Each structure stands twice: as C-alpha cells, then as structure tokens.
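Protein chains in written order, with my numbering: chain A, 1 to 152; chain B, 1001 to 1152; chain P, 2001 to 2152; chain Z, 3001 to 3152; chain U, 4001 to 4152; chain D, 5001 to 5152.
Don't be surprised by glycine CBs; every beta carbon is placed ideally from N, CA and C.
Small disclaimer: the values here were computed from a predicted structure and weren't measured.
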C-alpha cells in the first residue's frame, strides 16, 4: 500500500488544499492529511478547529486520514510507513522554498520523496494567508473555502 | 473619471513609491495613496507621521489624494469608486507575491484590476525595509527618500 | 486622449490576449493592438491572417485599433502619440523578461511607460506557443482562442 | 494499475532523468518513458539511438516501458490509459515553464495530472543540453550520464 | 591586501557557510566572517556561542578572522578596509533578495562590491533555518553542520 | 597571481559588460575577457569585429587581456591557469541559468569557481540582445554601449 503524507498548517483549509488532497488520492492508496503542531506559531484557528474542518471536508473519503503530529515530518512519515510527501506549488517562489524542504526531508528520511502537485489555475493563488486576511478585514472568504465548509 | 488606489504601508515612503505614484498620475485622472491600517503590525513611523510625509511629498499634485483606511482594500476601492489598484514590482519574487494579491482583489472586488508598474531601474531596489534598516544602523537614508523629505 | 499600444506577434491571438486588451480598454481611451513585423522570424499565420483575426475579435470595440508596424516599438508609439505600452505577465520568468524590455523602452522612448496586467488565473497559462503546439499535434485549440474565432 | 508517462526528448538521457524515472517507479505501477517526436527539431542523437539508450538504462526494470510517439502528449496518454505525467523540475524557471504545460495538459486531457519530482541536489543541474555542449566541446560527459551508458 | 567581509547571523553555521568561506579564501587575501548583531531578532544560539562555533570551524585558517559588529554593514567594511562583501546564493528567490541588499550596500558604501558565490549543489539547500527546525523537532542536524562541530 | 576568465559572446559588448569587467579587475590580478567561438551560432558582428571592440574598450587596462577560444570553457581556463570564472547576473531567471553552468564548470573543471557579480542597477537590464534589436530596428544603441565605442 502506497501511503502519502500531506503536511500543513491548514489555518484554515482552502479549496486549493482540498483539490490537492483529492488529486493525491488518485495517485496513492492512502493520504494522511497531517497538521504539524508548532507551539511557537500563532494560529487563527486552534488545533481542534482545524482538525474538525479537515474531517468535515474529507468525511466521504475513506482513503483520507486526518491527524496531527509533533516533531519532525520525517519521523511522522516513518511511523506511518509513508515513503511520500505531497505538497502543492503555486509559483516559482513556492518552488524555491518547497524544493529546499524536499531535499531536507529526503536527506533526513532516507530518500523520503516529495511529490509536487499543482491545483487548477483558478485556485492556484488561494492560500490560508489570504483567507485569514479576508476574515480580519471583515470580508466573506467562502469562495476560497471547500464547498459547504462553515468557519463559524 | 478614472480613479486608482495605490495602497501600502509607506513606513516610510521612498523615492521608488514617489516615482510610481507620479507614473500612475499620468495614466489615471486621480490617484488615492492610501495607507492600510493593520493594528497587528508594528511600524517605525506612526500613522500620523506617515500621512504627513505623503501629504508633503504630493502637496503640489492636486490629482493625488492621501488618506488611510481600515478593512479590506476592495471595500475601500468600492467606497471610492475606484476600479483600479496600482502596485510597483521590483523583481520576480515581488511578482509572485503581488499577482496572488491581484487575483484575490479581482475575485473579491468584482473584477477590480491591478495595474503593475516598474520604477526606473536605479530606484528598483528601494524599499521601506531598506530605509528602516539604514535608520536603525545609524546611517543616512536620504538618497532613498523623496527629495526634500525630512524624517526628523 | 490616453492612447496605449499593445504590441505582440499574435500568432495567433489567444483568449488571454483578448482579455488583456479588454482590460486595457477600461484604463485607456484608445488601445492600438499592433503586430510587430520581424522578417527574421517564422510564423504559423501570415501577417494578413493575424491582422484579420485581430480585426474579427475586436470588431465591436471602436476604441481598439488593429495595425502592424516595422522598426522599433518606441518609434511606433511616438508616431501614434502613445505614451503607454501594455503587456501581460503570466509568471515570474515573464516578469524578468518583460521588465528588461520595459526599461529599454523607457530609455529609448523618453519615459515611455509600460503597464503590466495579468489576465484571470484560468487564462494565465494561455500562450500562442501552446496554441501552435496543439495545432501541430492535431488537437483542437478552441478553448484557448477568443470565442467565435475560427482559425481555418 | 496506475500508469505514468514520462515524456521527453532524451537527447541524450542523463543521470537526472534516470533518477527521476526510478523515483516514478516507486510511485506508479508502470512508467512509460516516451520520446516525443518533433520533426522540426534537430537532435544530436537520432530516434533509434535515443530509444536504444533508454532501453539499455532501464533493461532491468520490467515496470519501465520505453517507446516514442507522435502528436499530442494527451492523446498518447489516453491511448495508454495513463492519467499521470511525470516531469522533473530543477529550478524556479523550470517550474514556470512546466506548470504552463501541466495546465495545458490538464485542460486538453480531461484532468490529466502532472506529478513534479526533483532529483537529488547533486544531479539537479544535469541536463541534456549540458551533455551536448560537453560533447561538442570535446569533453567527457560520463559523469552526467547513467552509469555504464556508452554514447559511442 | 584584498579583504572581504562575509556577514551573517550564523545561527548556527552550516556546511554551506563553511564551504562558501573557504571558497572566498581562494579569492581574497583575508576573509572576515562577521556576525551582525541585531538586538531585535531572537536567536537559538547566543552571540558568544555563535562566535565560538565560527572560531572552531576556521581555527586552522589564519586568513579567516571571526568577529561581530553592530550598525550598518557598510560602516563595518569601511573600518576594516574591506571593499568586498561575500554572499552565498541558493536559488532565484535568494538572488532577488540578495541583489537588493547588494545594490543598497554599493550605494551606501561608495561602490562596495558584493561577490556572489554558490556552494556545491549537494549543500545548496542547507540553511541555518533548516538546522534550527531539525533541532526543534528533536532530530540530528549533524549532516548539515561543518564536520566535527558539536552544538551541545 | 589570481587570474579570472570572463567568457561571453560580446555581440556586441555593452556598458554592463564593461562595468562587470572593471569590477572583476578590482578583485583579481588579471582578467581574461574571452570570446567563446561557437560555429553553429550566428552573430551580428564577426569574431574580428568583436575582438576589436573589446580591445578598444579595455585598451587602458593592462590587467585585462582580450582573446577568443574554441572548445570547453574549463579547458580554456586550465590552459590559462585560471581558477575563476566571472559572470554577471541581471535577474532571477539569469541566476537559474548561470548557476547550472557554474555547477557544470565546477564539476568539469576540478572545482573551477564562478564568481557572480551584478552591475549597477541602471545598467542591469542592458544586454547584447537589446543592442542588436535596437540596431535592427534602426535605432541608436549608444546609451547601451561603452562610452566612445563606435559600431560602424
């Protein structure tokens, strides 16, 4: 069984994330969507809220598992018998950042591979940061969220 | 009347900003230079100081209006009957960031357009960050500021 | 009257080009879509075909003028009293290329400005090159072309 | 069975290509390494030579199939029941180019996905172009080629 | 005597930094590895620890001097009769950032030059940020550190 | 004696090239400006013309040597006891290309180093391509050329 880990903060999950996970499901037998816990970072949504959102969005996908982890991503992958990470890339700047992390994980994780996907162009600029800015500014972020997801 | 909004922090305004605004004035009938208020960000110059600087720099340009706003940029544009944002781009990394914001604003603002300009090459590396670093390091930033602007 | 020149090869025009021209029309009073003639380049469609396509696409837009020119873009702009060029940017690599040309034109054209626009994200990867590849490969490029445009 | 197509010119195959194919083999059940035939392009090695090299390199990998195709990549994938393309990315400029092609293929190929991989950093600058330049300059390209591959 | 300054935070020094300094030593007669003190930034290792690490790593290189400085880099270079800065670049995003700083330093430092180097590809993704993340996650960062360097 | 090679086509030399060579002269004891001969490439100026231009521009600089070479750059460096290449970088796209070549040369040339320089921002968009386009379009390229250089 080919298991991939899709790590992230998901603060909150966007339609872009959703699409990437569903693409990963076509490639792998199981996709673990895993919230990396970083006690030094401030989040808009707490861990429980973020987990609930992910569970809601992927409720109908038995091959998607939702969880969280502390420590290094490579250790989490090892514990879960995963040899693959999945990450979305939006633009050239993203690639420069993500490839650095991918090399790191390959080196720390005995060849742990990162598979890069792009979501469809009309979602390619969606990001959690943008959603948070809209919320802070009093706007309606629903266009950027998975259909049916309610942030309240 | 074609009205453009040039949003930013202007902490402080640089010669690069100044040139971009004057370029925008050639294109549009009115340019609103608008300081976006973000209560969670720390600034070197307070809002009143930043507004005064902008007013000083554009005192001789009746088609330039200086103001500040809270909330989403798209809402500010709507209230001001502006269908255009103006942003300067310095390099490829800037473009990747700014195009994301532009897509967001188009989506939130019913097709609100972003017009990207470049300032002349010799100013293309000027930024407020650089000016603040020079000030913190005890240097003289006047080369990077609009002529005649006094930060004291 | 504010006149902009949108120069290009348009071999052939894509939906992305079309959208950019219509965006430019919102900003300027007149937009001249101008095919730069380069006798050393090979085209899939000859000049007359490319002009006809442009005329078809913009037939209902009296403020769009379609033409061709030889020689430097800055000279063409001068003859047409245009102080503005319009160019679309798709990604970071595009920006690096286009900003170089923009600086050149500013220097050769006494401050001739280039205004950079982005088309909507779902068209942001459209290019004449892609359309030509599809045609060479025997595919149907109509999704990438202005609605109603017939290449035969 | 999950089948991926790794399209390219392979003029000639490099160690970078080799590593990417072997990575793809970990992800997919079958990987078709397919030389796209472009009659307008000049190659250093003819089609038969390039096919032989690929067959040599992947002789011990039954899940790797080597072939060539004419026409659109999306049509080739369809005929081969492949829903996945694999492409390597070396740097930000590569990403800007490859994502454009990926969007095209998704649009032409009913959601045909492109999976982007990176090879290990020490191979990340390897390219067929570099190998050809070394050969033209009279140098020894063997460091850049799959082990045991003989170009003579 | 040609003196170069290699400024940085070195929190902590990586193998990439080490290689870049040793490359700079081939070019210049003396290389000053200088920790810029920024009282507003938080570090994982305090200044004394970072200086000690640098001194350890370059103990056998009499032409490498280790020190720290406050204030502007250009002022530090002037005091040390250095006309050259050395900086490593890992990718395109790095270049966009570093060239901005280089232009600034040239302008503030009467033509102070920045020499950009790349380290070998297999170290090209190493960074202090990555080392700190590994440490925070409870991993072993020794692959990314100069040989023999002990962080405890 | 530290000898650097500045390889290029110089078709024709620009003010940007000139500045980069003069910067290299500050760093190295001798700079060999070397035209790489590529029999498959078409040039606007023939080899003799390009050599003459370089000799004119650097006539007053005894530490600058002008020459041409065939074959690999690494072999030319070896013959000339040079351990350093110098290349200018204009933007992020340039960096992605040049770093690839630098890694190649390091690998082929036993650690042959490439030193990357930037010229001053107002020259940073100058290129031989731009000069050739201006000439083809019937314009005056003298702003982009070394002072006093006459192309006729």
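Give a yes or no on whether 7 Å exceeds the smallest Cβ distance from residue i to chain Z.
i                       : result
residue 5051 of chain D : no
residue 97 of chain A   : no
residue 4121 of chain U : yes
residue 5103 of chain D : yes
residue 86 of chain A   : no
Between residue i and chain U, is the shortest Cβ-Cβ distance under 7 Å, so that the two count as touching?
i                       : result
residue 5092 of chain D : yes
residue 1130 of chain B : yes
residue 72 of chain A   : yes
Mind checking if residue i is an interface residue toward chain B, Cβ cutoff 7 Å exclusive?
i                       : result
residue 4043 of chain U : no
residue 4111 of chain U : no
residue 5127 of chain D : no
residue 5142 of chain D : no
residue 2005 of chain P : no
Per DSSP, what are the beta-bridge partners of residue i in this structure?
i                     : result
residue 84 of chain A : A:4, A:113
residue 67 of chain A : A:34
Could you tell me the alpha carbon to alpha carbon distance between residue i and residue j, rounded to whole angstroms?
i                       : j                       : result
residue 2058 of chain P : residue 3088 of chain Z : 40 Å
residue 53 of chain A   : residue 1075 of chain B : 28 Å
residue 2038 of chain P : residue 5012 of chain D : 21 Å
residue 4009 of chain U : residue 36 of chain A   : 27 Å
residue 5026 of chain D : residue 135 of chain A  : 54 Å
residue 3021 of chain Z : residue 3051 of chain Z : 15 Å
residue 3028 of chain Z : residue 118 of chain A  : 18 Å
residue 5071 of chain D : residue 5032 of chain D : 16 Å
residue 82 of chain A   : residue 5096 of chain D : 32 Å
residue 137 of chain A  : residue 4116 of chain U : 41 Å
residue 4093 of chain U : residue 5100 of chain D : 15 Å
residue 40 of chain A   : residue 142 of chain A  : 28 Å
residue 125 of chain A  : residue 5147 of chain D : 46 Å
residue 23 of chain A   : residue 68 of chain A   : 21 Å
residue 5140 of chain D : residue 5045 of chain D : 16 Å
residue 5004 of chain D : residue 3042 of chain Z : 35 Å
residue 3996 of chain U : residue 4084 of chain U : Beyond the ends of chain U as shown, which are 4001 and 4152, falls residue 3996 of chain U; an answer cannot be given.
residue 4102 of chain U : residue 1104 of chain B : 32 Å
residue 5110 of chain D : residue 5077 of chain D : 11 Å
residue 4133 of chain U : residue 4047 of chain U : 19 Å
Taking only beta-carbon atoms, is residue i less than 7 Å away from chain D?
i                       : result
residue 3017 of chain Z : no
residue 1124 of chain B : yes
residue 3139 of chain Z : yes
Excluding sequence positions up to five away, which residues of its chain have a Cβ less than 7 Å from the Cβ of residue i?
i                       : result
residue 2055 of chain P : 2066
residue 120 of chain A  : 19
residue 1061 of chain B : 1025
residue 98 of chain A   : 87, 89, 116
Spatial neighbours of residue i within its chain, please: CB distance less than 8 Å, with the 5 preceding and 5 following residues excluded, ordered by chain position.
i                       : result
residue 3106 of chain Z : 3112, 3113, 3114
residue 2145 of chain P : 2012, 2013, 2014, 2015, 2131, 2151
residue 5127 of chain D : 5014, 5016, 5090
residue 108 of chain A  : 72, 74
Within 7 Å (strictly less), CB to CB, does residue i reach chain P?
i                       : result
residue 1115 of chain B : yes
residue 5037 of chain D : no
residue 3100 of chain Z : yes
residue 3008 of chain Z : no
residue 1118 of chain B : yes
Give every residue of the same chain whose Cβ lies closer than 6 Å to the Cβ of residue i, excluding the five residues on either side of it in the sequence, and list them in chain order.
i                       : result
residue 5002 of chain D : 5028, 5029
Is any beta-carbon of chain A found at less than 7 Å from that of residue i?
i                       : result
residue 1151 of chain B : no
residue 3033 of chain Z : no
Exercise for the section: Enumerate, from N- to C-terminal direction, the unbroken beta strand (DSSP E) stretches of 3 or more residues contained entirely within the segment 5–46 of chain A. Expected result: Here the runs fully enclosed are 30–36.
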